[in-house]
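Everything below concerns the one structure shown next.
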Amino acid sequence: MNLTELNRIATAMVVSGKGILAADESSGTIKKRFDAIGVESTEENRRDYREMLFRAKDAMSQYISGVILYDETIWQDAKDGTPLVRLIEQSGAIPGIKVDEGTQALPMCPGETVTVGLDRLAERLKKYYERGARFAKWRAVIDIGNGIPSMTAISVNAHALARYAALCQAAQIVPIVEPEVLMDGDHDIDRCYEVTQRVLNKTFQELRVQRVALEGMVLKPNMAISGKKCPKQASVEEVAEKTIRLLKACVPAAVPGIAFLSGGQSDEEATAHLNAMHKLGPLPWGLTFSYGRALQAAPQKAWSGRPENVAAGQRAFSHRARMNGLASKGEWQSSLEQKAA
Ligand code: 13P
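For the sequence shown, the working numbering puts the final residue at 341, and the numbers step up evenly by one.
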């Protein structure tokens, strides 16, 4: 393992002004997104859609540091035969790959899951590296509800995340460690804070036990935020203040960077929250976005599967990428959104 090189990549992924495009929706998830815009989820449509994003020059070269791909996409070529991975590299962004194989029900723990995919991971990482991937992602899912999460779910998921991270580093790939505490419930922000704290503490404990080099990884956490169905929604300032307090308490400064998931926040909320956190600096790590929905909802709608809408889709993507790029420096203002609209 070359830790200097891993650290260089991890640092580039979270460089100020840029963030990560999470375009790694599994076939099931992208079908849901396409259903919403009336597009059939064929291999060709998925390719065309993602090619549109990766060819959005302004967005990709100025605001996107890396792109997380799904297995199908990393092997796909653009219409003109150029591998999609090359398009990403040519824009100056770093290609990455989602390597977990989703969740399975966790025995003895009703309603809880464990993320799987470790069995042949070492071989798969080798092939992904040869194809150009320089970082990877593994997502653990923790739900908040009546009596959950259990210590069992937190523990097995943290263990798997650390196993994955160690395998990545051995393969010279930077692991994005993503323990996602879902925002689906009716819990308040303090319950989210408390659960996320337990999850992060356990995750870093496992990372240490399994000898993962913190300098060569990126953390992808949820924010401390109210559950979507909670009647009392925390303000932007409260989310920013509590998230930074939480991360400072749990994430060692040796970690080069933190890149948030959007998790179901609206586009503008996700941007506003990141921006507000940068008003609370200086921060010990790079702090940016690794958004899926909050970067892609607008371009998906603008595109709607029609070739004549490609330019509009790229404009919508560039706008969200720029807004989040500014937020990653604390330079975003809501008036910039209105101007564009
Ligand atoms: P969202 O930003 O849509 O939550 O997706 C990010 C991601 O990669 C979740 O694993």
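Quick reminder that beta carbons are idealized off the backbone N, C-alpha and C, glycines included.
With a CB to CB cut of under 6 angstroms and the five nearest residues on each side skipped, what residues in its chain are close to residue i?
| i | result |
| --- | --- |
| Met60 | Ser91, Ala93 |
| Pro83 | Asp77 |
| Phe317 | Leu53, Ala56, Ala59, Pro299 |
| Gly292 | Ala22 |
What does the Cβ neighbour count give for residue i, buried or exposed, with the cut at 16 atoms within 10 Å?
| i | result |
| --- | --- |
| Val209 | exposed |
| Arg46 | buried |
| Gly38 | exposed |
| Gly227 | buried |
| Asn157 | buried |
| Arg306 | exposed |
| Lys202 | buried |
| Gly147 | exposed |
| Pro110 | exposed |
| Asp190 | exposed |
| Arg50 | buried |
| Gly313 | buried |
| Gln338 | exposed |
| Pro282 | exposed |
| Gln296 | buried |
| Glu206 | buried |
| Ala234 | buried |
I'd like the list of long-range same chain contacts for residue i, defined as Cβ closer than 8 angstroms, with 5 residues on each side in sequence excluded.
| i | result |
| --- | --- |
| Ala249 | Gln197 |
| Glu215 | Leu3, Leu6, Asn7, Ala10, Ala254, Val255, Pro256 |
| Ala280 | It is worth fixing the name first, because residue 280 is Leu in this sequence and not Ala. Ala240, Glu241, Ile244. |
| Ile258 | Val14, Val218, Leu219, Lys220, Pro221, Leu247, Val251, Trp285, Gly286, Leu287, Thr288 |
| Ser334 | Glu268, Ala272 |
Which whole-angstrom value is the C-beta distance of residue i and residue j, which I expect to be below 8 angstroms?
| i | j | result |
| --- | --- | --- |
| Ala276 | Glu237 | 6 angstroms |
| Glu40 | Phe34 | 7 angstroms |
| Leu87 | Phe54 | 4 angstroms |
| Leu167 | Ile142 | Between Ile142 and Leu167 the Cβ distance is about 22 angstroms, and since that is not below 8 angstroms, they are no contact. |
| Met13 | Gly81 | That belief does not hold up - the Cβ atoms of Met13 and Gly81 are roughly 28 angstroms apart, past 8 angstroms. |
| Lys242 | Ser290 | Contact doesn't hold; Cβ gap of about 20 angstroms is too wide. |
| Met108 | Trp303 | The pair is not a contact, with the Cβ atoms about 44 angstroms apart (cut-off 8 angstroms). |
| Gly325 | Gly19 | 7 angstroms |
| Lys137 | Val99 | 7 angstroms |
| Leu106 | Ala140 | The pair is not a contact, with the Cβ atoms about 11 angstroms apart (cut-off 8 angstroms). |
| Ile68 | Ala22 | 5 angstroms |
| Ser347 | Glu72 | Examination of residue 347 is not possible in this model, given that the chain is present from 1 through 341 alone. |
| Val85 | Arg131 | 6 angstroms |
| Tyr63 | Arg315 | Contact flag wrong, Cβ pair sits at about 13 angstroms. |
Helix, strand or coil: how does DSSP classify residue i here?
| i | result |
| --- | --- |
| Glu178 | strand |
| Val212 | coil |
| Lys137 | strand |
| Val236 | helix |
| Asp77 | strand |
| Pro307 | helix |
| Val39 | coil |
| Leu274 | helix |
| Ile189 | helix |
| Gly19 | strand |
| Ile225 | coil |
| Val14 | coil |
| Pro299 | helix |
| Gly313 | helix |
| Leu219 | strand |
| Ile30 | helix |
| Ile173 | coil |
| Gly147 | coil |
Give a yes or no on whether the minimum CB-CB distance between residue i and chain C is below 8 angstroms.
| i | result |
| --- | --- |
| Thr82 | Absent here is chain C; the protein component of the structure consists of one chain. |
Leaving out five residues before and five after residue i in sequence, what residues of the same chain have Cβ atoms less than 7 angstroms from its Cβ?
| i | result |
| --- | --- |
| Ala133 | Ile74, Pro95, Gly96, Ile97, Ile173 |
| Leu118 | Ala160, Arg163, Tyr164 |
| Ala170 | Met1 |
| Ser150 | Cys109, Glu112 |
| His187 | Ile144, Gly227, Cys230 |
| Gln104 | Thr113, Val114, Val116 |
| Met223 | Val239, Thr243, Phe260, His273 |
| Lys232 | Asp188, Ser226 |
For the beta strand (DSSP E) containing residue i, name the first residue and the last one.
| i | result |
| --- | --- |
| Tyr291 | 286 to 291 |
| Leu69 | 64 to 69 |
| Ala254 | From DSSP, Ala254 is part of no beta strand (DSSP E); its letter is neither H nor E. |
| Gln104 | 103 to 105 |
| Ile94 | 94 to 98 |
Residue i lies in the alpha helix (DSSP H); which residues open and close that run?
| i | result |
| --- | --- |
| Val364 | What the structure shows of the chain is the stretch from 1 to 341, and residue 364 is not part of that stretch, so it cannot be assessed. |
| Ala153 | 151 to 170 |
| Lys127 | 121 to 131 |
| Arg86 | 84 to 91 |
How would the residue list near ligand 3 read, in chain order, if you kept each one whose beta-carbon is closer than 5 angstroms to any heavy atom?
What this structure holds is ligand 1, not ligand 3.
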